[in-house]
Structure formats: structure tokens, C-alpha cells
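K.L.:
This is the structure I have questions about; it appears just below.
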Amino acid sequence: MARMTAARAAVEILKREGVTDAFGVPGAAINPFYKALKEGGGIHHTLARHVEGASHMAEGYTRTSPGNIGVCIGTSGPAGTDMITGLYSAIGDSIPILCITGQAPTSVIHKEDFQAVDIASIAKPVTKMAVTVLEAAQVPGVFQQAFHLMRSGRPGPVLIDLPIDVQLTEIEFDPETYEPLPVYKPAATRAQIEKAITFLLESQRPVIVAGGGVIGADATDLLVEFAELTQTPVIPTLMGWGTLPDDHELNAGMVGVQTSHRYGNANFLESDFVLGIGNRWANRHTGYKLDVYRGERKFVHVDIEPTQIGKIFPPDYGVVSDAKAALELFVEVAKELKAAGRLPDRGEWVASTQERKATLLRRTHFDNVPLKPQRVYEEMNKAFGPETRYVTTIGLSQIAGAQMLHVYKPRHWINCGQAGPLGWTIPAAIGVAKADPDAQVVALSGDYDFQFLIEELAVAAQHRIPYVHVLVNNSYLGLIRQAQLGLDINFQVNLEFENINSPEIGVYGVDHVKVAEGLGCKAIRVTEPEQLGAAFEQAKKLAAEYRVPVVVEAILERITNISMSRTMDISDISEFEDLAGEPGHAPTSIKPLKV
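In terms of the numbering used here, the sequence shown opens at residue 3 and continues consecutively.
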């Protein structure tokens, strides 16, 4: 048997589980692991500036390609607590990441030693497993179990805490005979799928709600095939955006109280049956008025996690299954029904959904100075093609972007859904660009999200990780300001001030161009709509030439209210701006406006 430190054994297991990249910040209590990482080779490490940033880089890395598992590493104490937001984000969106922390020696963990904290207890509510390993010989088994858990059932994150003496202890371990544990994923039965399809056959106006679980299971091709076989319109959730192209004739638009299309909500409200696959019925999709969302419709819910079935409302029928396993059977049964001539003609229903798609549009073309955000997204549609991977987290920028941008492929809208932490976008974009270095990665932030973890731009500059970052700046906490309208306040949401070092930007405060340049990146400021297209093209060229992030800052009007429901009711969306009344008002819409 080979003899090595437990830390080295852990590194060897990472490699045999397919890990090629890690993100982190070294420290005294994790240095033995870093020594093993250096001596073991085979894993490229990206040095973050903040450990929370490293956790979001790991998230972005995982979300980019099927099978990826991002790894983030930190020392003891605050490094672990800094990772908690990343773990929360990952578990909320079913994203497997592995967080590895150092820890004080086992003999002093409970003696208030420097930076000693019970991180396993803190992390348990936001992980599938969180453990402090007290016996060095258990390290291989714990890491093996971690990868098994991250991949099995509903995917999610794991935290492994390694006391420094455990890392340094030598153990017997043979990496050559190591094998990952089999992955467990529940699978639907033929009888269950046949019963689910009876609801579809009995309906007149069915829709499929495709969630992030379809993308996570790498089952988007099967979903499109099933939708085409049965002529069933598809409504992707925000996390499922890209399951089928936006310009597909069966794409009926997104539904919700914020990140929704006018035609998406209208199409859903006309439906009489909903087949949900790999979705959570999240409240930004359903709203809080569940009586409106449910109506007289019948629901079938397919999800990998048994406790998700009936959590928000009881479906008419539930199936516990991995999305891919279920869709394989859905396609199989649908093919048999089609061959037997038993699939109804849905042509009229499909046509009506596309009619709404061509008539219920929001306006994007405005010539205002300062800029209206809608024009920024219009110009993004022109500048960035279907291969673009968009990365964003939360705020009016994300909400408006989801309403107006276009996505054509799975994992090309990489969005933190359930947690929505500000600051997520920069490090996540770095993780995405690291995972797919040939991709056109475009991040989207408001000014506050951009400022939260702005130092991570230096990481991409240091490691030559290029991407384009579109920063829409109104010097406001825009979403919170809009949420305060119902309370008739505008309190502690203003970010403006006159920057004595940059008087040319007026009251917009932080000079993001100077900051970005100071962190080793390139930056362009845009103040007029006709400058946007050229700025995006220049940004792409600069990113390719210098191999660093390029920030395009669009100076917006201070206040723009973005379409959303004030009552959390999908049938009651407030449209604050003029709607599209002629084709020139929405020149980059999926379908030309029909008037």
C-alpha cells in the first residue's frame, strides 16, 4: 500500500473524481492541503481575493457544463463562514460544489483556539453533508461519500473541514485502485409515465413547465423531442431558461411576477394542464396568489426530490424521478402514441401561443439620455449572439434582462435563483469563463451587485480570464427602491454622491472605470444610446486582445420602474413604461411585433 498524508490522499481522490480546477485562498490551517495540491499536480488553482468569491467561482464553474463540480478551498474560521453564502446559493439551486476548509488541531478545536469555529454545524442547514474529519484514516471515505452525495438524488454542495493535524497525518491509501461510488438517481416507471400522459391527452391547452432540473440532468434534447412529438408549448422557468431556444415555435415564454414575458403569462393563464418537470414552483414564478396560478388547471409534477412533490401545492399526480430518466420514458410512450394515431392535433393551441408572442411585447427602443435600461438590452441582443453565456444574479438589471434578452441553449443563462446574493456575478462569471475559456461570457450587473465583490476583477486580470461585464448604473438600489413604492418611502437606497476625484460623472458617485482599470481590467463608459453597439464591439476586441475582463458601464436614468406585479399575482403585472405599439419599438424581439 502507498503511504501518504491524508491531505495528499484527498487531492488524489479529487483528481480521480474528475476535478481539474479549484478556487480558493490559502491560510495557515489549510497550508498542508495546499502543499499536497502543489506536489500532486493535475489541479489548476485560481487564487481568489475573497473566500466568498471563491465559492461563487466554484458555482459558476459547476453550472457551465454537465458533470462539472467546482471546488473552493479556504482556511479555518472566517474562511468557512465566508463560504456559507456560496453554499446557500448552491443548495438553493441544486448545484454541487465542494468546500474544503482548514481547522485548528483536533486537541484544541473546543478550546477557543485562534480561528477555530464549528463550521460543520454552521454549514449543515445549507449542505447535503458538512463534517469535520477527526480521524485521518477517514479522509478517503469522507471524500468518496462527498462526491456520491453531491451527484446523487437532488444535487447539492458538501463541506469538508480538515483539522491541520489530520491533514498532516500519514495514512495507507492506494489511489490506483480508488473508484467513485455509484450515483443514485430515482427513475420513473413506465406505469407512472403512462398515467402522467393521460392528463396530457385529456387536456385541450397543455403546457410544459421546464425547470433547472432538466438542465441539471442534461436532458434538454429529450424535453424538446417530447414537446415536438406532442405539440406541447414549453414555459421555461428562470433556472430552466435555455431548455429550448427562445425562437423555437413551442417556446411560449417565461411566467412569473418579475422575470416573465407578457405573452408568457398570458399563455399560461389560457392553459388547462401543466406538466412540471424538474421545477420547484418557486414564488417568483407562481406568485403568492396560488389560486390564480392554479386556477382550474390540472398539474402533474415530476421532480428528483420526493419532498418537493406537494411542498408548494398538491399536484393531481406526482412522480419522483430524475428528469432525464422520466423524459426518456415520456419520449418512448409519446412515440408509441403517435404511431398509433392517438396524439391529438395541438396546432391551433400552438398557433395561439405564438400569436401572443408576436403581439404582447414590451418596448425596448428608447433614445433617451441618460439611457433607459431597455435600450441596453436591445443593443446586447444585437451585439451578442446565440453562443453567448450570460451570467447574472439579482436586481432590476437581472429582472429586465430576463424580460428582454434572448437565450438559445442550456447553461447559457447562468443565474443565481433562490438565494440571489449581491456580488455573485463577478466571481460566478470568472468561474464560467474558467470552465469554458472559448465561450463569449457576458456578465450583467447593476451598480450595487458590481460593487459587492468588485475586488474579484483582479483575480481575472491576474489569471488572464477574459469576459465582458455590462454594468447598468443608476446609482440606486433600484429593486429595493421599487419595492418601497408600496410603503410610500424612498429610504436608504440612494447611492449617489459627487465624487471629488471624478466630477465629470456628476452624482453617480463611484468611478467604476477608474476602479476597474486600477484592478487591471479595461473599461468603457457609455452615456448615449448610439454609443452602445460600438462599445460592445470594442469590449469584445479588448477582451480578446488583453485577456482580461472588460467593463461596459451604461449610465442610466436614475429611476426606471421595471414591469412586475405589485401584488405577487401573475395576472396583475404593472407595466410602468410604454408598451411596443409598432415594430420599431421592439426591433430585437423574437417575433416582429404584429399590430
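Just so you know, even glycine gets a beta-carbon here, dropped at the ideal spot from N, CA and C.
#1: Which value, in whole angstroms, describes the spacing of the CA atoms of residue 155 and residue 72?
#2: Alpha carbon to alpha carbon, how far is residue 321 from residue 405? Give it in angstroms, no decimals.
#3: For the candidate residues 398, 437, 34 and 488, whose alpha-carbon lies nearest to that of residue 413?
#4: For a minimum of 4 consecutive residues, which ranges assigned as the alpha helix (DSSP H) are wholly contained in the segment 151-205?
#5: Report the rounded CA-to-CA distance for residue 266 versus residue 276, giving the unit in angstroms.
#6: Could you have a look at residue 25 and say whether DSSP puts it in helix, strand or coil?
#7: When DSSP labels each residue in this structure, what does residue 290 get in the three-state scheme?
#8: Could you tell me the alpha carbon to alpha carbon distance between residue 501 and residue 102, rounded to whole angstroms?
#9: Alpha carbons only, please: which of 452, 264 and 211 is nearest the one belonging to residue 274?
#10: Under 8 Å, with one C-beta from each stretch per pair, do the segment 375-387 and the segment 232-242 reach the 3-pair mark?
#11: Measure the C-alpha to C-alpha separation of residue 591 and residue 478 and round it to an integer number of angstroms.
#12: Express the C-alpha separation of residue 451 and residue 332 in angstroms, rounding to a whole number.
#13: Since residue 132 is in the beta strand (DSSP E), which residue starts that stretch and which ends it?
#14: Where does residue 72 fall in DSSP's three states?
#15: Below 8 Å, can you find three or more Cβ-Cβ pairs linking the segment 61-78 to the segment 112-119?
#16: Among 8, 544 and 397, which residue has its Cα nearest to the Cα of residue 42?
#17: If you follow the beta strand (DSSP E) that residue 222 is in, where does it begin and where does it stop?
#18: Less than 7 Å between the beta carbons of residue 375 and residue 342, yes or no?
#19: Would you be able to state if there are at least three C-beta pairs under 8 Å between the segment 17-33 and the segment 415-426?
#20: DSSP puts residue 525 in a beta bridge; with which residues?
#21: Does the Cβ of residue 309 have 16 or more other Cβ atoms within 10 Å, making it buried, or fewer, making it exposed?
#22: Inspect the beta-carbon positions of residue 528 and residue 545 and report whether they are closer than 7 Å.
#23: According to the Cβ coordinates, are residue 427 and residue 393 closer than 7 Å?
#24: Starting from residue 305, follow its DSSP beta bridges and name the residues at the other end.
#25: Could you tell me which of 504, 480 and 47 sits nearest to residue 494, measuring between CA atoms?
#26: Just grab the DSSP bridge partners of residue 348 for me.
#27: Are there three or more Cβ pairs, one per stretch, closer than 8 Å when the segment 458-473 is compared with the segment 549-568?
#28: Using only the alpha-carbon positions, how far apart do residue 588 and residue 596 sit?
#29: Work out the CA separation of residue 323 and residue 68 for me, nearest whole Å.
#30: Let me make sure I understand the geometry here. Which of 351, 370, 355 and 379 has the alpha-carbon closest to that of residue 364?
#31: Find the nearest neighbour of residue 143 within the set 453, 280, 12 and 449, judged by alpha-carbon distance.
#32: Taking only runs that begin and end inside the segment 9-69, name each unbroken beta strand (DSSP E) of 3 or more residues, in chain order.
#33: Is it the case that the Cβ atoms of residue 165 and residue 87 are separated by a distance below 7 Å?
#34: Tell me the rounded alpha-carbon separation between residue 439 and residue 489.
#35: Throw me the rounded Cβ distance for the residue 593 and residue 229 pair, which I believe falls under 8 Å.
#36: Under 8 Å by Cβ, that's how I've got residue 254 and residue 269 pegged, so tell me the actual separation to the nearest angstrom.
P.N.:
In terms of the structure at hand:
#1: Distance between residue 155 and residue 72, taken at the CA atoms: about 18 Å.
#2: Rounded to whole angstroms, the gap between the alpha carbons of residue 405 and residue 321 is 31 Å.
#3: The shortest C-alpha to C-alpha distance from residue 413 to any of 398, 437, 34 and 488 is the one to 437.
#4: Counting only runs of 4 or more, we get 166-170 and 192-204.
#5: Using only the alpha carbons, I get a separation of about 14 Å.
#6: Residue 25 falls in the strand class under three-state DSSP.
#7: DSSP places residue 290 in coil when its eight states are reduced to three.
#8: So the two alpha carbons sit approximately 41 Å from each other.
#9: Of the residues 452, 264 and 211, the one whose Cα lies closest to the Cα of residue 274 is 211.
#10: Segment contact: the segment 375-387 against the segment 232-242, fewer than three CB-CB distances shorter than 8 Å; contact not assigned.
#11: Straight-line spacing of the CA atoms in residue 591 and residue 478 works out to 28 Å.
#12: Going from the Cα of residue 332 to the Cα of residue 451 covers about 41 Å.
#13: Segment 131-134, the beta strand (DSSP E) holding residue 132.
#14: In the structure shown, residue 72 falls within a strand segment according to DSSP collapsed to helix, strand and coil.
#15: Touching, yes.
#16: Nearest Cα to residue 42 within the set 8, 544 and 397: 8.
#17: Unbroken run through residue 222 is the alpha helix (DSSP H), 222-232; no beta strand (DSSP E).
#18: The Cβ-Cβ distance between residue 375 and residue 342 does not fall below 7 Å.
#19: Counting C-beta pairs with one atom in each stretch, the segment 415-426 and the segment 17-33 have fewer than three that are closer than 8 Å, which means they do not touch.
#20: Bridge partners of residue 525: 553.
#21: So residue 309 counts as exposed.
#22: No; because the gap between Cβ atoms is not below 7 Å, this pair is not in contact.
#23: For residue 427 and residue 393, yes; Cβs fall inside 7 Å.
#24: DSSP lists 322 as partners of residue 305.
#25: Shortest Cα-Cα distance from residue 494 to any of 504, 480 and 47 involves 480.
#26: Assignment of beta-bridge partners to residue 348 by DSSP yields no partner.
#27: Contact between the segment 458-473 and the segment 549-568 is present, because at least three Cβ pairs lie under 8 Å.
#28: Whole-angstrom Cα-Cα distance: 11 Å.
#29: Cα to Cα, the separation comes out at about 18 Å.
#30: Its Cα nearest to that of residue 364, the residue 379 stands out among 351, 370, 355 and 379.
#31: Of 453, 280, 12 and 449, the residue nearest in Cα terms is 12.
#32: Within the segment 9-69, the complete beta strand (DSSP E) runs of at least 3 residues are 23-26 and 46-49.
#33: Going by beta carbons, residue 165 and residue 87 fall outside the 7 Å limit.
#34: Inter-residue distance for residue 439 and residue 489 is about 46 Å (C-alpha atoms, whole angstroms).
#35: Contact between residue 593 and residue 229 is absent: CB atoms are separated by about 18 Å, not below the 8 Å threshold.
#36: Contact between residue 254 and residue 269 holds, with the beta-carbon distance rounding to 4 Å and staying under 8 Å.
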